[in-house]
Amino acid sequence: MTRINLPLDKCWKLLNHGPVTVITSAHGGKTNVMAASWAMPLDYDPPKILLVLDAAAYSRELIDASGEFGLQIPKRRIAEQTVAVGQSSGRNGDKFSRFGLKTFPAQQIAAPMLEDCVAWMECKVIPDASQRYDLFIAEVVACYVDSDRFHDNQWDFGPDPLERSMHYISNGEFFSTGERFRVPTLD
Ligand SMILES: Cc1cc2nc3c(=O)[nH]c(=O)nc-3n(C[C@H](O)[C@H](O)[C@H](O)COP(=O)(O)O)c2cc1C
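Numbering (our numbering), first residue to last: 98 to 284.
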């Protein structure tokens, strides 16, 4: 597996199929990780994303203070950990070590980035966008992919189900990203 930087104006493609994400954060020597389904692309260039971040989450505290977060699209091989970091709080102890999550340093932000993902975005919050509804707008400042899973501008999830992205339902249930099909387009 090699991580390859993607041109920033292409990063909307990574969220377009609606996968569950994992959000990492850091501030003042503390780091944290949580699950987030409510993330979507907002603009192409400069690329922006939307994220709903519960005011009660410990991640919210770190992200409010640092103005940054890492967003990653986990592989099905860490489905159980994805749910676990979404059902427990970093206020009660370090979730990276508790759930055996491996990380690597980001390129442009302080938050650690997670291994076992198909794609990663490093994000900087645009202040005061719409936080009345816990809505965060952030600019993507770096973006990279597992080159086995995304290349030639396309997803390639391959034959191993554990290498796929996931779509969260609730209560520990997901759909695995499924069959690709194409219809004729008008252009
Ligand atoms: C699969 C999944 C998706 C979730 N999506 C979101 C989301 O989009 N936004 C959000 O604020 N919380 C979401 N949550 C809940 C947070 O992950 C949860 O509140 C977490 O415990 C916060 O952790 P923290 O206190 O360590 O920051 C989700 C939980 C799960 C299991």
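Even glycine gets a Cβ: it sits at the ideal position worked out from N, Cα and C. None of these values were measured; they are calculated from a predicted model.
| Query | Result |
| --- | --- |
| Own chain, CB closer than 6 Å to proline 357, minus 5 neighbours either side, in chain order | The structure shown does not extend to residue 357, since the chain is modelled only from 98 to 284, so the question has no answer here. |
| Whole-angstrom C-beta distance between valine 180 and leucine 232, which should lie under 8 Å | Between valine 180 and leucine 232 the Cβ distance is about 23 Å, and since that is not below 8 Å, they are no contact. |
| Residue environment, leucine 112, which counts as buried when at least 16 other CB atoms sit within 10 Å | buried |
| Of the residues Pro258, Phe278, Val237, the one placed nearest tyrosine 141, counting alpha carbons only | Val237 |
| Serine 273 and arginine 173 closer than 7 Å at C-beta | yes |
| Residue from Val119, Leu139, Gly115 whose Cα sits closest to the Cα of aspartate 106 | Leu139 |
| Helix, strand or coil at tryptophan 252 according to DSSP, with G and I counted as helix | strand |
| Contained alpha helix (DSSP H) runs [length at least 4] in the region 142-167, N- to C-terminal order | 155-163 |
| Three-state secondary structure assigned by DSSP to leucine 283 | coil |
| Residue environment, alanine 152, which counts as buried when at least 16 other CB atoms sit within 10 Å | exposed |
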